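In our numbering, the protein residues as written are 152 to 377.
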């Protein structure tokens, strides 16, 4: 006796039957019309993807090209922690263009302790904002651990600031309604890597490093300005 094979109906076959009113399986065999319908659906799907790609706005295409270019730049083998190349930053004040930075080059290695000195308005804060990922340059490149961060979007820069950079601002920037412990825990909430207990332990360890463990439950207004 010949062994018969049972063909199970797939969701795609059910879609075919609902759309065409025909049976996908006839007399134990797959209907040829279903196979033709299946091929047509695949071609239509590919065509739709092409149309969607072509319909990208000019800005989106530009962003894709920028990201591809950055992927090539990421592979640069820098031995340095930070490399700044020909950095320019221009601000518009009304209709006047003001150059805050002009062609700055800088190299910082791991373990270096750097002072950036200069008169008021010389671009110190602008440079720090650019290197720290708080702003993007008008022209030039910034490499952090070999990665070009100079043209990354806001989300990518936020991730770098969260994971790789620490800021000590000129002003406190502390939340007055929170304790010192809760203030230190704030950035840990955005990392998504630690449990509540882990965040608390990490924050206490950091406060201990600067001698503030015993003041962990005090508000910022109750702490010394130093």
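Backbone N, C-alpha and C fix where the C-beta goes; we use that ideal spot for every residue, glycine too. As the structure is a prediction and not an experimental result, all values here were calculated from the model.
- Within the region 254-319, the runs of alpha helix (DSSP H) that reach at least 4 residues and sit entirely inside it are, in chain order, 275-282 and 305-315.
- Contact check for residue 288 against residue 239 passes: the beta carbons are separated by less than 8 Å.
- Collapsing the DSSP output to three states places residue 236 in a strand.
- A Cβ-Cβ distance of about 33 Å is found for the pair residue 176 and residue 202, leaving them out of contact under the 8 Å criterion.
- Judged by DSSP in its simplified three-state form, residue 175 adopts coil rather than helix or strand.
- Per DSSP, the beta bridge partners of residue 249 are 242.
- Annotation for residue 290: 239 place their beta carbon closer than 6 Å to its own, counting only its chain and skipping 5 residues before and after.
- Annotation: the continuous alpha helix (DSSP H) that includes residue 338 extends over 331-342.
- Collapsing the DSSP output to three states places residue 160 in coil.
- If you look at residue 348, you'll find it in the alpha helix (DSSP H) that goes 347-360.
- Just so you know, the alpha carbons of residue 356 and residue 274 end up roughly 35 Å apart.
- The same chain holds no residue with a CB closer than 6 Å to that of residue 193 once the five nearest residues on each side in sequence are set aside.
- The straight-line gap separating the alpha-carbon atoms of residue 310 and residue 285 is approximately 11 Å.
- By DSSP's assignment, residue 187 forms no beta bridge with any residue.
- Rounded to the nearest whole angstrom, the C-alpha separation of residue 342 and residue 179 is 56 Å.
- The alpha-carbon of residue 252 is positioned some 8 Å away from that of residue 277.
- Contact annotation, residue 281 with residue 267: C-beta distance approximately 12 Å; criterion of less than 8 Å not satisfied.
- At least 8 Å separates the beta-carbon of residue 200 from that of residue 163.
- In chain order, 241 place their CB closer than 6 Å to the CB of residue 250, counting only its own chain and leaving out the 5 sequence neighbours on each side.
- In this structure, the CA atom of residue 362 is about 17 Å from the CA atom of residue 319.
- With a beta-carbon spacing of about 6 Å, residue 326 and residue 334 fall inside the 8 Å limit used to define contacts.
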